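Only one structure is covered here, and it is reproduced in the block below.
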Amino acid sequence: MQRSVASSLLLSVDALRPLLADINPGRKWPSLNKSEFSTVEALNSFEDITTYNNFYEFGSGKKDPHKNATEFDPQPWSIVVEGECDKKGTYDLEDFVNSSMLEERIYRLRCVEGWSMVIPWVGFSLAEMLKKFEPNSNAKYVEFTTLYDKSRMPGQKTRLLPWPYVEALRIDEAMNELPIMAVGLYGDVLPNQNGAPIRLVVPWKYGFKSIKSIVKIRFTEKQPETTWNQIAPKEYGFYSNVNPDVDHPRWSQKKERVIGRPFWEPKRDTRMFNGYADQVAHLYKGMDLKKYF
Amino acid sequence: MPFVILLLAAINDNLGTNPVETLTHETGQWALRFLLIGLAVTPLRRLLKIAWLIKLRRMLGLFAFFYASLHFITYLWLDQFFDWYEIIVDIPKRPFITIGFVSLVLLLPLVLTSTSAMQRRLGKKWLALHKLVYVIPILVLIHFVWSLKADYSEPLSYALVFVFLLLMRFIYDRKKALQR
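Protein sequences, first through last, are from chains L and A. Quick note on numbering: the numbering used here labels position 122 of the first sequence as 124, and the sequence is numbered without any gaps. Quick note on numbering: the numbering used here labels position 51 of the second sequence as 367, and the sequence is numbered without any gaps.
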């Protein structure tokens, strides 16, 4: 793996990064297991992570979710599990998530718009959770749905997107060791604008696939319709793997703006699968990634 | 001046989480705003019977070009880092950048003929050339829309203002035509 000058600088800054965990002694999870999948790249600040968000349920501007999600109450919360599995039902988040399953996963997140961040998530393996629902042999895909409630998510009052927000993964992608269900960041509970109380993080795909505020999980036989793919099928594919060789029809994906770096610094080259090729490239062996973008 | 505000913000690290995006968006917006304000001069002049407003119009047009240039420089410098190969490939390949570039290029002849001397020299041709100010906002709005993912409310607002300004001219021209 090639190390550019830029990434070497990122690694050296890592030693200096202030952890909110150290600044915030009242955080919910003071000591979490660290994951082998965490990156050592410099973290983005808590401020950047919680004030620059694409979460149209709370407005389409980057600052809107931070402004408009203050009233949102993510408790109590339950997830409905349906479809091709043996343990269907409604699961209360409180009964479901206990601290012993949580670990810290520091993942890169690359937005389709061309910017990226590094976020210290608190979460657990998606695969471990899905196994508990006992998907059967017909389960070829997993579909996730966000809450649809205009009274709690004011951005849903206009039909900017065809609510509710839906995303999905192929079953082998979902069972990969990387995807997590995140319930926090920086050692504390997930802020509302980041998808409270529980969201998906799939670090090798464009950020819009990391669906937030999940209320339903469904195992399906056929490939589900995902929201951005519905809106603009030529621009947002089902797979949406981070890929510098496949441009968005209207802009290039070769480079990305690394949030947190000084603005006079050049953009960084985007890496195949957002730098997670070692863990996920095998899922796409033989697949034409220009066709299945 | 918006430029001063942006400069101060840049110095004080007040450009937000994605400073280049902020700079690009703000310079682009001000270019469009000055274009539209320039287009409002004649209708206002006729409505309020304030003749001297016409002197403002040249300045407004030049400001529009100034901010459009800053917008383009932001792209060349902070987005592409003067990677000329990439830029030359990018401009024709990405429709939204092509149309933005075309809008800027079309402003050039207007800027170069903006002096009173030029106006005198060109006479009727000057009027014909400067009709480009009706075309350029359309290109700019398409450029704006093509840069967005889903929420078109911003360019839509500007488009409504543009249509309203065109409508005012149309109504005036119709009135004048009927009076003859």
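Even for Gly, the Cβ is constructed at its ideal location relative to N, Cα and C. All values derive from a computational prediction rather than experimental measurement.
Annotation: the continuous beta strand (DSSP E) that includes Lys257/L extends over 257–260. Inter-residue distance for Thr414/A and Leu423/A is about 14 Å (C-alpha atoms, whole angstroms).
According to DSSP, residue pairing for Val405/A in a beta bridge does not occur. 8 Å or more divides the Cβ of Ile261/L from the Cβ of Trp79/L.
If the five residues before and after Thr92/L are omitted, its C-beta is found closer than 6 Å to the C-beta atoms of Ser80, Val82, all from its own chain and listed in chain order. At a beta-carbon threshold of 8 Å, none of the residues of chain L lie near Trp400/A; the nearest stands roughly 14 Å away. Ranked by Cα distance from His446/A, the options Gly332/A, Leu386/A, Leu351/A, Ile321/A are led by Leu351/A. Taking a C-beta cut-off of 7 Å against chain A, the contacting residues of the region 50–63 of chain L are Asp50, Thr53, Tyr54, Ser62, listed in chain order. Nearest in C-alpha terms to Tyr58/L, of all of Leu291/L, Asn196/L, Phe221/L, Pro268/L, is Asn196/L. Contact of Val336/A with chain L by beta-carbon distance below 7 Å involves Arg259, Phe265. For Trp165/L, no Cβ of chain A is located within less than 8 Å of the residue's own Cβ. The beta carbon of Arg362/A is closer than 7 Å to those of Tyr488 in its chain, skipping five residues each way along the sequence.
Within the region 194–217 of chain L, no residue has its Cβ closer than 7 Å to any Cβ of chain A. In summary, Arg112/L is buried, with 16 or more beta-carbon neighbours lying within 10 Å of its beta-carbon over all protein chains present. Beta-bridge pairing by DSSP links Gly85/L to Phe221/L. Check the Cα spacing between Glu223/L and each of Asn140/L, Tyr150/L, Arg29/L, Asn276/L: the tightest is with Asn140/L. One Cα belongs to Asp174/L, the other to Pro246/L, and the distance between them is close to 23 Å. Contact between the region 428–436 of chain A and the region 469–485 of chain A is not established, with fewer than three Cβ pairs separated by less than 8 Å. For chain A, the residues of the region 244–256 of chain L that bring a beta carbon within less than 9 Å of one of its beta carbons are Asp249, Pro251, Arg252, Trp253, Ser254, Lys256, in chain order. The Cβ atoms of Ile233/L and Leu163/L sit closer than 8 Å to each other. Listed along chain A are Phe397, each with a C-beta nearer than 8 Å to that of Pro268/L. By the Cβ neighbour-count rule, Val282/L is buried, with 16 or more other Cβ atoms within 10 Å of its own. Note on geometry: alpha-carbon atoms of Tyr294/L and Glu237/L lie some 12 Å from one another. For a Cβ distance threshold of 7 Å, residue set Ala466, Asp467 of chain A lies close to Leu162/L, ordered along the chain. DSSP places Asp271/L in the strand class (E or B) of the three-state scheme. Counting C-beta atoms within 10 angstroms of its own C-beta, Val405/A has fewer than 16 neighbours from the protein chains shown and is therefore classed as exposed. Of all residues in the region 412–446 of chain A, those with a C-beta nearer than 9 Å to a C-beta of chain L are Phe412, Ile413, reading in chain order. For Gly91/L, the three-state secondary structure derived from DSSP is strand. Cβ neighbours of Ser215/L within its own chain (closer than 6 Å, five residues either side excluded): Thr148, Leu149, Gly197. In chain order, Lys465, Ala466 make up the part of chain A whose C-beta sits under 9 Å from the C-beta of Ile233/L. Note on geometry: alpha-carbon atoms of Gly186/L and Ile200/L lie some 8 Å from one another. Judged by pairs of C-beta atoms under 8 Å, the region 371–383 of chain A touches the region 341–348 of chain A, as three or more such pairs exist. Remark: C-beta atoms of Tyr143/L and Pro205/L do not approach each other more closely than 8 Å. Taking all protein chains in view, the Cβ of Met434/A is surrounded by fewer than 16 other Cβ atoms within 10 Å, so the residue is classified as exposed. Apart from sequence neighbours up to five positions away, the residues of its chain that approach Gly209/L with a beta-carbon distance below 8 Å are Asn56, Leu111, Arg112, Cys113, Val114, ordered along the chain. Closest in alpha carbon position to Ile121/L, among Ile182/L, Lys269/L, Val248/L, is Ile182/L.
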